[in-house]
Every structure is written in structure tokens, then in C-alpha cells.
Amino acid sequence: MSVKTKQYIIGFLGLVFLASLVFVQMMEVERKKAESGSRTAHAVVPASSKACVECHQKSSPGIIDHWQGSTHAHKGVGCVECHLAAKEDVDAFDHYGATIATIVTPKDCGRCHKTETEEFLASHHAKAGNILASLDNFLAETVEGSRVPFNPHSPTPGMEVDMVNGMASVNVGCKQCHGSKIALEATNGSLITVDELKPDTDGIPTDLAMVALVKKDENGRPVLHEGSWPNTGIGRLNLDGSRGSCSACHSRHDFSPRRARQPENCGKCHLGPDHPQKEIYEESKHGVAYRDLKDHMNLDAKHWVLGEDYTQAPTCATCHMSGHSRNGGKVTHDPGERISWTNRPPVSMVMDTDINGAVIKETDPEERQKLIVSSWQDKRQEMKNVCLHCHTQNYVNAFYQQYDDFVVNYNEKFAKPGTAIMGELRKQELITKQDFDEEIEWTWFYLWHHEGRRARHGASMMAPDYAHWHGMYEVAERFYQELIPQAREIAEHAAEHGHADQAQAVLALIDDILDRPEHQWFEQAKKLAEEGKASVLPGAEQTANSNNAQPAESDTPSANGDSTPAATSADDDNKTSDSDSKESEKDASETDGNDASPSDQNN
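Read in order, the letters of the sequence shown are residues 6 to 608 in this note's numbering.
As C-alpha cells, this is what we get:
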């Protein structure tokens with residue numbers, strides 16, 4: 006082969022190598038675009054939405070840019086296809102020849118996504134708006150604000166404030182996650198919601214008198230009350246009678262599945278002092294693995310099936326919603342299908358659910374069994390099927406045993422006794438019926454709603470610090486150092502003011518609770534202290550006495566009159582060893598608390 010021929014071959018191979026590098030680079034760029042959600046899919050603009058796209062490309066280009074990168078755009082689903090409304094819809098209006106509505110509801114999405122909508126509407130997510138009459142909402146509406154507007158008490162420089170909207174906290178806080186009750190303004194100054202409209206099964210209002218009162222702007226558009234919209238809360242109460250908002254998880258207008266699969270998406274609502282699932286996940290091994298291996302998780306896959314498309318780490322969606330190789334890749338839009346405990350109420354309950362998906366509270370075994378449509382055991386097995394992709398059966402079973410033990414311990418030692426004490430105080434009328442007007446009600450709320458939930462959620466998702474230090478430690482401290490003393494103080498005050506019988510009922514309950522084996526350490530230590538004895542844990546006093554009874558080396562004479570150490574039994578040796586161990590633990594504890602470096606204390 007001539008030198009020239011060799012040069013041609015080398016040159017050709019060099020070009021092929023260069024082309025391959027360029028191709029790989031292009032593929033990597035496309036992959037990164039897909040991961041970031043910035044890749045623009047080939048948009049098919051349907052004729053019905055062509056005018057919308059052309060106009061909004063100028064007036065609100067962000068909406069169009071997001072839509073153009075969506076699967077909707079790729080499949081020719083445009084603006085009108087989603088915003089289309091019937092003329093009878095209360096929020097419908099004519100917009101350049103098309104009858105549309107501003108708010109897209111699950112009923113609208115269900116025209117194409119029937120199964121997903123049915124699953125979602127059966128879920129606890131869709132019922133999140135029920136908080137609007139809850140204790141949490143009372144805090145936001147009344148304690149933090151006011152259910153009626155009130156006058157400002159001093160000027161706001163640079164702004165004219167005629168009236169203070171006391172509902173501001175609940176509108177911006179609670180309702181943005183749980184959902185608002187969408188309201189239209191009426192010409193008589195009132196608000197019109199689903200309650201007044203009484204829509205039929207198709208979402209068409211049946212109270213036409215209320216429809217006639219709907220206020221409209223200069224363009225004929227029904228005026229949405231700003232306290233209820235904008236809102237993408239997952240349990241939103243819509244004008245057509247449907248519940249929920251698909252865009253709570255599938256952000257408009259690209260509706261990215263990739264984004265919905267990431268834990269940050271859930272973190273908009275599932276974080277904070279009372280339900281820190283995002284922080285708990287980040288602490289767990291799962292969260293650590295996700296942060297490390299995110300780029301290898303194939304998040305932009307079409308179906309994203311665990312065991313087929315990825316195995317690197319689970320996200321919220323993996324465990325609670327997404328398909329996996331053991332269930333044929335079936336996705337669910339009801340996250341409750343895989344949850345075996347509900348840790349939301351003061352006392353956790355197993356997730357036996359009835360025909361309506363409600364947690365069954367019936368205590369009679371036979372009657373309870375009649376109501377069960379989906380048992381907690383079935384739900385747990387659904388979750389175990391996810392776990393088994395990465396863990397053995399024994400490992401998974403052992404984890405659930407630890408979790409069950411933790412929840413039962415919380416229930417039995419603190420939640421049920423706390424519930425009983427608060428119930429007895431109300432029964433004896435030693436506290437008012439008004440929530441949060443007495444210190445003990447705040448104490449109890451913190452115990453179960455914040456600390457108790459943190460503990461239980463931490464145990465459920467393998468976050469030891471949330472289970473212990475941010476959880477059960479704070480539960481115990483709140484119970485022993487606040488709830489019990491405050492309840493006793495209320496009862497003793499009542500006794501001093503002529504309510505001896507009521508006070509005795511409460512004090513007897515407290516004494517009964519604290520006399521239980523799991524609480525005796527607390528009362529016994531107090532009794533010992535009151536008697537002037539050392540305040541030590543049960544068992545420690547006996548050990549200390551045994552050690553004190555040991556004769557000094559010089560006190561026991563030998564046969565020849567010399568002072569020698571006394572012989573000790575094996576039991577005495579063990580006691581001495583135990584005592585030394587306790588002293589070592591005490592020293593270590595004191596060192597941890599007083600001599601640790603700043604970094605150690607932070608950890």
C-alpha cells in the first residue's frame with residue numbers, strides 16, 4: 006500500500022472520528038435539553054388554536070414557549086382543546102370567536118385522561134380542600150387574620166389602605182396547597198361558588214338565578230374573586246363541581262412528566278414543621294442516592310418504569326405513584342394505594358378504607374370487616390412490591406416491623422393519653438369550646454400536629470434524626486414538661502374555685518396514665534426527689550446502694566491482721582462493672598453536651 010493511500014485512509018478515519026464526536030456532542034446537548042425541559046418538541050398547532058398561538062406569542066410568549074416543548078404540542082393538543090367550555094358553563098366567555106373558560110378542571114382533563122382523572126378524584130389529594138373547615142384553617146383564618154375585613158390602625162406610608170383583608174394568610178398559605186373554593190363575584194356584592202351554583206353531573210349550573218347574578222368585566226368575562234384565583238391547590242373546589250387541580254403536579258403549560266417525577270415537585274406542599282416529607286427524604290439514603298445519581302435516572306423516559314428504565318434511586322413518585330416491573334408498569338394517580346398508616350391525625354390509624362376511600366374508624370372487628378374495600382395489608386403489599394426492586398423480602402419486612410413498632414409506641418405512650426386528657430378537660434368543662442384560646446391547646450397541637458407528625462413521617466421514610474431528635478424527643482419533652490403540668494394546673498385551679506369533682510376526674514386520669522409502667526420513671530423520680538432522695542432512674546438506686554455497701558480495702562483485716570481487699574462475689578463484680586458503665590455513659594453524655602466541637606453540636 007502506497008504512502009498516499011495510507012494518508013487517504015487516515016484522513017478518512019479522522020473525519021469519521023470527528024463526525025462521531027460531533028454526533029455524540031449533539032446527542033448530549035439534546036439529552037441535557039430534555040432533562041432541563043428546554044427542548045422544543047415539534048409543535049403541531051391545530052387550526053382551532055392557531056390564532057391563540059399567534060396572539061399569545063406576542064402578549065405572553067412564556068406560555069407559548071412552554072407549550073411548544075410539551076407532549077400536548079407534539080400531539081396537536083392546543084389552547085382551545087383544554088380551555089374549551091360549553092356556553093352553559095358559568096365561567097364561559099366568548100374570546101375571539103371561541104367559547105372558553107380560564108380555569109381548566111379535572112373534568113376538562115378527563116375528556117382525554119379518563120383513568121387518571123378517576124384515580125385522582127378517588128384520592129386523598131382531591132379531598133385536600135376539606136381543610137377549609139379544619140383546625141388548621143381556623144389558625145389561618147381567625148388566629149392569624151380575620152374572617153371579616155377590619156380597619157387599619159395606622160397609616161401605611163406610600164399606600165392607601167382602607168381596609169385590611171384578614172383572609173390574606175389563608176389565601177396565600179393554606180389554599181395554595183390545599184385548594185381554594187373558586188368564587189365568582191356577584192353584582193350584588195356577594196360571592197358565587199359551587200355551593201350556590203349546584204352543578205349537575207356534567208358541571209352545568211342548575212341555579213340559573215345565581216348564574217344571572219355573575220358579574221362580568223368590560224369584555225364579557227366572568228370576574229373571578231382574587232381571594233380564590235389564582236390557585237392550583239390540589240384539592241381545589243371548582244365551579245363545575247369537580248375537585249382538584251391537575252396542574253398542582255403537572256405544571257402548566259408544558260405539563261412535564263419529568264418534572265412531576267422529581268421530589269422537588271412534591272416539595273411545594275410536602276415540607277415544613279408539620280409535614281417535612283421533602284426534608285425527610287433529603288436526609289434519607291434514598292434522597293442522598295437521588296442527588297448523586299439524578300443524571301442517570303432517565304427522568305425523560307416515556308414510561309419511566311422502575312426496574313426497566315432506571316434503578317438508581319427512588320423519588321416520591323417512584324414509591325407512591327409510578328409504575329414498576331412488578332406491576333406491569335401501571336401508574337396510579339392515587340398515592341394512598343400504597344400507604345398502610347395515616348399519620349395525619351393525632352393518633353395514627355391503619356389505612357383500611359371503605360367504598361368512598363375514607364379511612365374506617367369502626368372498632369368492632371366484625372362490623373369493621375364488612376366496611377373494608379381495600380385493607381391496609383393490601384396497600385402495604387403494593388408498597389413492598391416497589392421496595393423489593395432493591396431490597397430483599399426479609400429486609401423489607403424488618404423495616405416495616407420497625408416502623409409499626411415506632412408508630413404504635415407513639416400512639417400508646419403519648420397520642421392516646423394526650424387525646425384522653427384533652428377530652429376529659431373538655432368533658433369536665435375546665436377548658437372552653439373555643440380552640441387555641443388556652444395555652445394547653447397550643448401545647449397539644451404542637452405535640453401531635455408538628456412533633457408527632459415529624460416523628461412518624463421520619464420513621465416511615467428512614468430519616469432517623471426526624472424520627473428521634475426532631476420527633477419523639479420533642480414529643481416526650483412536650484408531654485412531660487408542658488402538657489401534664491398544664492393539665493394539672495388547670496385542674497388544681499378548678500378545685501380551688503369550687504369545681505372539685507371535675508378537677509378530681511382530670512387528676513385521676515393523669516395519675517392513672519402516669520402510673521402505667523411506661524411512665525413510672527417520671528413519677529417515681531419526682532416522688533424520690535420530694536422525699537429528699539437522689540433523683541435516679543429505677544434500678545440505679547439499688548446499684549448505687551450495692552456499690553456503697555462494698556467495704557473499703559483497708560476496712561477488711563486479713564487473718565494476719567493486715568488490711569487487704571475483701572473478696573467479692575461474681576454478682577458484686579457485675580454490679581461494680583454496671584456502675585462503672587453507667588458512670589462512663591454519664592461522662593460521655595456530659596462530654597457530648599459540654600465539650601463537643603461546634604460541628605458536633607450541629608450534627
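Glycine included, C-beta positions come from ideal geometry on N, C-alpha and C. Just so it is clear, the structure is predicted and the values come from calculations on it, not from any experiment.
N- and C-terminal bounds of the beta strand (DSSP E) containing residue i
i     : result
Asp99 : Phe98 to His100
Separation of residue j from residue i, as counted between CA atoms
i      : j      : result
Val148 : Glu86  : 43 Å
Met354 : Asp383 : 15 Å
Gly428 : Ala481 : 19 Å
His473 : Asp410 : 14 Å
Lys203 : Gly74  : 38 Å
His118 : Ala217 : 32 Å
Asp300 : Lys221 : 49 Å
Ala425 : Glu487 : 16 Å
Ala572 : Asn399 : Reliability of the predicted coordinates at Ala572 is poor, the pLDDT of 37 falling under 50, and the value obtained from them is presented with this limitation in mind. Those two C-alpha atoms are separated by around 49 Å.
Pro154 : Leu144 : 16 Å
Asn348 : Leu298 : 30 Å
Val310 : Val391 : 11 Å
His255 : His502 : 59 Å
Tyr286 : Met477 : 18 Å
Asn170 : Val177 : 12 Å
Tyr405 : Asn414 : 14 Å
Glu146 : Arg152 : 6 Å
Glu223 : Leu189 : 15 Å
Val219 : Thr192 : 6 Å
In DSSP terms, what residue i is bridged to
i      : result
Met164 : Thr161
Trp346 : Val355
Val169 : Phe155
Pro204 : Pro210
Ala191 : Val219
Ile197 : Leu189
Leu242 : Lys186 and Arg248
Leu329 : Here residue 329 is His; the residue named in the question, Leu, does not match the sequence. Answer is Leu311, bridged to His329.
Pro227 : Lys221
Leu89  : Ile105
Alpha helix (DSSP H) segment containing residue i, residue limits
i      : result
Ile68  : Pro66 to Gln73
Ile360 : Careful: Ile360 lies outside any alpha helix (DSSP H) and carries neither H nor E.
Ala173 : Ala173 to Val177
Ile495 : Ile489 to Glu501
Thr3   : Residue 3 lies beyond the range of the chain shown here (6 to 608); nothing can be said about it.
Ser465 : Arg458 to Ser465
Cys324 : Cys321 to His325
Met388 : Trp381 to Cys392
Glu124 : Lys119 to Leu126
Leu519 : Ala505 to Leu519
Tyr400 : Gln398 to Tyr415
His291 : Lys290 to Leu298
Gln529 : Gln525 to Glu535
Pro235 : It is not in any alpha helix (DSSP H) - Pro235 carries neither H nor E in the DSSP assignment.
7 Å Cβ shell around residue i - same chain, five flanking residues per side excluded
i      : result
Thr320 : Arg266, Gln267, Pro268 and Tyr295
Gly81  : Val49 and Pro51
Cys114 : Thr122 and Cys251
Lys92  : Thr104
Phe484 : Phe419, Gly423 and Leu452
Val352 : Asn416, Ala420, Lys421 and Thr424
Ile515 : Ile426, Ile489, Ala492 and Arg493
Glu124 : Thr337, His338 and Asp339
Ala575 : Any reading at Ala575 must be qualified, since the residue scores a pLDDT of 38, below 50, and its modelled position is unreliable; the value itself is stated next. Here the set comprises nothing.
Cutoff 6 Å; reference residue i; Cβ partners in own chain excluding five residues on either side
i      : result
Glu590 : Low per-residue confidence applies at Glu590: pLDDT is 39, beneath 50, and the placement is therefore not dependable, though the value from the model is reported in the following sentence. Cβ neighbours of Glu590 beyond the five flanking positions: none.
Pro278 : His455
Cys84  : Ser54 and Cys57
Thr10  : none
Ser380 : Asp357
Met388 : Arg343
Asn303 : Asp314 and Tyr315
Cut-off 8 Å between Cβ atoms - residues of its own chain near residue i, not counting five sequence neighbours on either side
i      : result
Asp359 : Ile365, Leu376, Ile377 and Val378
Gly238 : Ala133, Gly134, Lys180, Gln181, Cys182, His183, Gly184, Ser185, Ser250 and Ala253
His71  : Arg257, His258 and Asp259
(message) Does the segment 456-464 come into contact with the segment 281-288, if we say contact requires no fewer than three beta-carbon pairs (one atom in each stretch) closer than 8 Å?
(response) In the pairwise beta carbon analysis, the segment 456-464 is classified as touching the segment 281-288: at least three pairs are separated by under 8 Å.
(request) Could you say if the segment 98-111 and the segment 240-247 meet the contact criterion of at least three C-beta pairs nearer than 8 Å? (result) The segment 98-111, when compared against the segment 240-247, does touch it at the 8 Å Cβ threshold.
(request) Say whether the segment 441-451 touches the segment 521-541, bearing in mind that this needs 3 or more beta-carbon pairs closer than 8 Å, one atom from each stretch. (result) no
(request) Count the C-beta pairs between the segment 489-498 and the segment 310-320 that are closer than 8 Å, then say yes if the count reaches three, no if not. (result) no
(request) Count the C-beta pairs between the segment 119-134 and the segment 336-348 that are closer than 8 Å, then say yes if the count reaches three, no if not. (result) The segment 119-134, when compared against the segment 336-348, does touch it at the 8 Å Cβ threshold.
(request) Taking 8 Å as the threshold, find out whether the segment 219-235 comes into contact with the segment 189-199 through three or more Cβ pairs. (result) yes
(request) Report yes or no: do three or more beta-carbon pairs, one from the segment 88-108 and one from the segment 62-79, lie closer than 8 Å? (result) The segment 88-108 is not in contact with the segment 62-79.
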